[in-house]
Structure formats: C-alpha cells, structure tokens
Amino acid sequence: MLAEQLISKDPLESKSPFELRVHQSQVSESAVKRALETGDLGFLHSFTTGSTVDGPGVRVVAWTAGCQFRCLYCHNPDTWNMMNGMPVPLDQAIGEISRYRHGLKIMAGGFTLSGGEPLMQDRFAVRLFTAAKAMGIHTALDTNGYLGERLSDKELEEIDLVLLDIKSWDPERHRQLTGKEIGPTLDFARRLAQRQRRVWLRFVLVPGFTDDVETVGPIARFAAELGNIERVDVLPFHQMGRFKWKELGLDYKLEHVEPPVRELIDRTCAQFRNEGLKAF
Ligand code: SF4
Numbered sequence: 324m325l326a327e328q329l330i331s332k333d334p335l336e337s338k339s340p341f342e343l344r345v346h347q348s349q350v351s352e353s354a355v356k357r358a359l360e361t362g363d364l365g366f367l368h369s370f371t372t373g374s375t376v377d378g379p380g381v382r383v384v385a386w387t388a389g390c391q392f393r394c395l396y397c398h399n400p401d402t403w404n405m406m407n408g409m410p411v412p413l414d415q416a417i418g419e420i421s422r423y424r425h426g427l428k429i430m431a432g433g434f435t436l437s438g439g440e441p442l443m444q445d446r447f448a449v450r451l452f453t454a455a456k457a458m459g460i461h462t463a464l465d466t467n468g469y470l471g472e473r474l475s476d477k478e479l480e481e482i483d484l485v486l487l488d489i490k491s492w493d494p495e496r497h498r499q500l501t502g503k504e505i506g507p508t509l510d511f512a513r514r515l516a517q518r519q520r521r522v523w524l525r526f527v528l529v530p531g532f533t534d535d536v537e538t539v540g541p542i543a544r545f546a547a548e549l550g551n552i553e554r555v556d557v558l559p560f561h562q563m564g565r566f567k568w569k570e571l572g573l574d575y576k577l578e579h580v581e582p583p584v585r586e587l588i589d590r591t592c593a594q595f596r597n598e599g600l601k602a603f
C-alpha cells in the first residue's frame, strides 16, 4: 500500500488534544505490524502547536494513539486504541515538525511526543526524534515509562528531556489506577538517572486516589534520590475528558470527583519541595 493512500482526509492538526477522535485508521493488521517494526508509519491523534506546558518554551506536540495503561482519570481515552489514530507516514510527520523549526528555535521551544503512550510506537518515535534533532530542534518525550526498555542507551541520547509520569507509589494502588504494574516505570526512572538524562517528573493529583501523604511522600523521596529530576509538575485532576468517556461508552468512575483545592495542591508541592525538588 502506498503511503499516500494511508493519509486520512481529516486534518492532522487539531486545536487541542481534547478533541474526540476515533476510528481514523483503516489499515490492515499486517500493515500495522510492519509500521510498528519499521517506524515508517505512525498512528497519531493529532498535532497541536503553541503548547507551553509540555516542555520548555513553546512546543509543537504530536499526540500518538495507543496506550497500554487504563488510567481511571485519563482525559484522552480515545488515544487508548492505536486504530483511533490517523496513519501518518514518517516523512509527513517530519515535514509537519519542519514547518515550525525556525519559530521553535526563536521561542526556545521544541518538539514533544505525547499521547497515548508514544513508546507503543517506539520505532516511529525514535525516527521522529532523530529527525528533529538533526534539524536542531529540542526534543521531549512524555511517557508513562512502562516501555522504556524499548529504547537503547544510544536512542535515549536523541531525547533532550523526558517528561515522566509517576502515577502512584503503592503497587496495588498503581494497578487499580492504571491496570498495570509500577515496576517498569520505576526501573526506567532509575535508568534515566544512571544515564544522567534530563527528566521532569509529572504527578497527577486526584483527590481520593493519589492525594494522601503516604502516596506523595515516597514518590518525592524516590525522585530526590534519583538526582536528575529538574522539576516536578503537580497536575491537578480535571473533568475536561469526562465527555469522551461518555461518548465512548466507557464506565467513568471519577464522575463525582472534584478537582483538588488550592490547599491540597500547595501541600503536595510542599512535600516535593521538602525533599529539595522544584515543584510547581
Ligand atoms: S498513561 Fe496517559 S494516555 Fe495512557 S491511560 Fe494513562 S493518562 Fe491515559
């Protein structure tokens, strides 16, 4: 199948990742397998521009489709299934980043690959990062870290910054919250520290699920001991993704959970700061 035939007619760019996008891909199973092996083709929810929260400066963000976690608070459940993504040839994705290369340099920004979970498509991710670096563009990977072992040490060098999500500390709670084990994420965090890679830690604060002192404290201590965490972003839970759960017919268990109040956000940030970390 020619790459051109795989391009969806829907626009690749969206104003926001909160746009619900499903069933954008009509690609055969063998084509998907080949795409995952080679990285010639990626499955993307969209591209967005102008982000100031997904790494330093102003960012172009590619949102990948496919995630192995099932976070109860996920605000983009339409990105869980890779087939909900648009099949995008690697060259087209590189071309999209290239359009913004001058502006990104002027604004001290860069390119961020987020999702979904980008490492579900690790070959595509590596090739995109390599191309962006070759254009002199700063690169960032936003990941839950579960598949970090898919990247070689050399490939890690193509990523200037890792935005690493740690969802919980208690193994059982992590399983309830995400459907997966916490071990691989912590292993990846340790490896990034050993390799002295730059990392920003991301922690989603969900009242009643991740906000207790006993959850935040050990994560803060772990992060401080790593020695390579430049900052911690405490991300307050919100309800902006609720409509997607409904549209997709999913059982949304956080229907009645309120966003955290200011005092709780401050207390959580203080727990990270008490360990010597910068937290926002
Ligand atoms: S890791 Fe991210 S994309 Fe995947 S389920 Fe969790 S919040 Fe959603």
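Residue 553 in the numbering used here sits at position 230 of the sequence shown, with consecutive numbering throughout. In this text, a Cβ means the ideal position worked out from N, Cα and C, and glycines have one as well. What you are looking at is a predicted structure, and each value in this text was computed from that prediction instead of being measured.
- Is there at least one non-hydrogen atom of the ligand SF4 closer than 7 Å to the beta-carbon of Asn399? yes
- Enclosing beta strand (DSSP E) for Asp488 [first to last residue]: 484–488
- Item | When Trp568, Arg424, Gly471 are compared against Val485, the one with the closest alpha-carbon | Gly471
- Which stretch, first to last residue, makes up the alpha helix (DSSP H) that contains Phe452? 445–457
- Message: Given the structure, does Gly432 come close to the ligand SF4, in the sense that its CB is under 7 Å from one of the ligand's heavy atoms?
- Response: no
- Endpoints, beta strand (DSSP E) assigned at Ala463: 461–466
- Task: Decide if Pro494 is buried, meaning its Cβ has at least 16 other Cβ atoms within 10 Å, or exposed.
- Result: exposed
- May I have the straight-line CA-CA distance separating Ala463 from Gly408, to the nearest angstrom? 20 Å
- Tell me, please, which residues DSSP counts as bridged to Ala602. Val555
- Message: Could you check whether the Cβ of Phe526 sits closer than 7 Å to any heavy atom belonging to the ligand SF4?
- Response: no
- Task: With a 10 Å radius around its C-beta and 16 neighbouring C-beta atoms as the bar for buried, classify Thr387 as buried or exposed.
- Result: buried
- Task: Using three-state DSSP, classify Arg382 as helix, strand or coil.
- Result: strand
- Task: Report the three-state DSSP secondary structure of Leu364 (helix, strand or coil).
- Result: strand
- Any heavy atom of the ligand SF4 within a distance shorter than 7 Å of the CB on Arg393? yes
- Residue ranges of each alpha helix (DSSP H) within the segment 393–430, 4 or longer: 413–421, 424–429
- Sorted by chain position, which residues of the same chain lie with C-beta nearer than 8 Å to Asp534's C-beta, five sequence neighbours on each side aside? Leu528, Pro583, Leu587, Thr591
- Task: State the CB to CB distance for the pair Ala547 and Glu598, rounded to an integer number of angstroms; the pair is presumed to be in contact (CB under 8 Å).
- Result: 4 Å
- Query: With respect to 7 Å, is the separation between the Cβ of Asn467 and the closest non-hydrogen atom of the ligand SF4 below this value?
  - Reply: yes
- Task: Would you mind working out which of Ala454, His425, Gly426 sits nearest Leu436, comparing C-alpha positions?
- Result: Ala454
- Task: Thinking Thr371 and Val384 are a contact (beta carbons under 8 Å), I'd like their distance in whole angstroms, please.
- Result: 5 Å
- Using the C-alpha atoms, what's the distance from Tyr469 back to Leu335? 27 Å
- Task: Starting from the Cα of Leu524, find the closest Cα among Gly531, Pro530, Val539, Phe532 and give me that residue.
- Result: Val539
- Message: So if DSSP puts Leu524 in a beta bridge, which residue, or which two residues, is it bridged to?
- Response: Leu487, Val555
- Query: Nearest to Leu359 by alpha carbon, out of Gly433, Arg450, Glu419?
  - Reply: Arg450
- Task: Can you tell me which of Ser374, Phe447, Trp568 puts its alpha carbon nearest to the alpha carbon of Gly426?
- Result: Ser374
- Decide if Lys490 is buried, meaning its Cβ has at least 16 other Cβ atoms within 10 Å, or exposed. buried
- Task: Could you tell me which residues DSSP puts in a beta bridge with Leu436?
- Result: Ala385, Leu464
- Name the one or two DSSP bridge partners that Thr375 has. According to DSSP, Thr375 bridges with nothing at all.
- From this set, Arg544, Gly531, Thr361, which residue's C-alpha is nearest Met443's C-alpha? Thr361
- Helix, strand or coil at Ser369 according to DSSP, with G and I counted as helix: strand
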